[in-house]
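Residues in the sequence shown are numbered consecutively from 41, following the numbering used here.
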Amino acid sequence: MKRKFIIIILFVLLLGGCNRIKEYKETPIEKLSFKTTDYMGGISTTYVFDFKKNIINKITYGPKPDSSEIYVEKTTLFKTFTDEEETILINKLYTYGLFEIKDKYKPDDLIDDGGGWVLTIEYSDGRVKTSTGNNAYPEKTFNKCAEAFKEICGQGIVWHTINY
């Protein structure tokens, strides 16, 4: 009986370790931005996470409300966050592989009417990582990261097709 109990405890510990969030110990990240663009209308939305100021700005670009021909850019404060929320978010994004995605994603088939995205990560040492996609993206990574963004922002951020 004691042996079964020990085996069960070991099994539970092993399963618990499978979903462990890793601690990000690399070069500090100063900013992270994610931009989506609807090419048919030229409308874009960018979320900029400023980890020095602990704010998220939302930048929209699209037609002025009273004109379909005049486009304007508008920046609004989307959310503020704590240092603890920042640490949790960065650790989860790191664990889920967001910082290691490819530089470019393309669909297998030619698609003329879709949209695109740009992820930019700015590090404290001056390095910048940019990843882009046109009608293609790292689905598993974005789906996991969307959950992490949702916890902080209330929405998934990393792809407009993810429904919550």
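C-beta: ideal position from N, C-alpha, C; glycine also.
Small disclaimer: the values here were computed from a predicted structure and weren't measured.
Residue range of the alpha helix (DSSP H) that includes residue i
i, result
"L129", "D123 to T135"
As assigned by DSSP and simplified to three states, the class of residue i
i, result
"K142", "coil"
"I192", "helix"
"T67", "coil"
"K169", "strand"
"N183", "helix"
"N174", "strand"
"L72", "strand"
Among the options, the one whose alpha carbon lies nearest that of residue i
i, options, result
"Y79", "G156, L133 and Y145", "G156"
"T127", "R60, I197 and Y64", "Y64"
"F91", "E124, I151 and L138", "E124"
"Y101", "I141, N131 and Y87", "Y87"
"P147", "G137, A188, T172 and K104", "T172"
"E140", "T160, F121 and P105", "T160"
"K136", "E70, T67, K119 and V198", "A quick correction: the sequence has Tyr, not Lys, at residue 136. Answer by Cα proximity: V198."
"S73", "Y163, N175, N174 and K62", "Y163"
"K142", "L117, F182, P105 and T122", "F182"
Residue range of the unbroken beta strand (DSSP E) whose run includes residue i
i, result
"E162", "G155 to Y163"
C-alpha gap between residue i and residue j, whole angstroms
i, j, result
"D149", "T85", "25 Å"
"D165", "I83", "32 Å"
"T76", "R60", "30 Å"
"V112", "V158", "20 Å"
"K180", "A186", "10 Å"
"I202", "Y145", "Its pLDDT being 39, under 50, I202 is placed unreliably by the model, and the measurement read from it follows with that caveat. For I202 and Y145, the distance between alpha carbons rounds to 18 Å."
"G194", "K93", "19 Å"
"T170", "L129", "19 Å"
"K132", "E109", "41 Å"
"N20", "Y134", "Since the first residue shown for the chain is 41 and the last is 204, residue 20 is missing from the structure and cannot be characterised."
"P224", "S107", "Absent from the structure is residue 224, since the part of the chain shown begins at 41 and ends at 204."
"E191", "K104", "31 Å"
"R167", "A176", "25 Å"
*What residue ranges within the region 76-122 form continuous beta strand (DSSP E) runs of no fewer than 3 residues, ordered along the chain?*
Here the runs fully enclosed are 83-90, 95-103 and 111-120.
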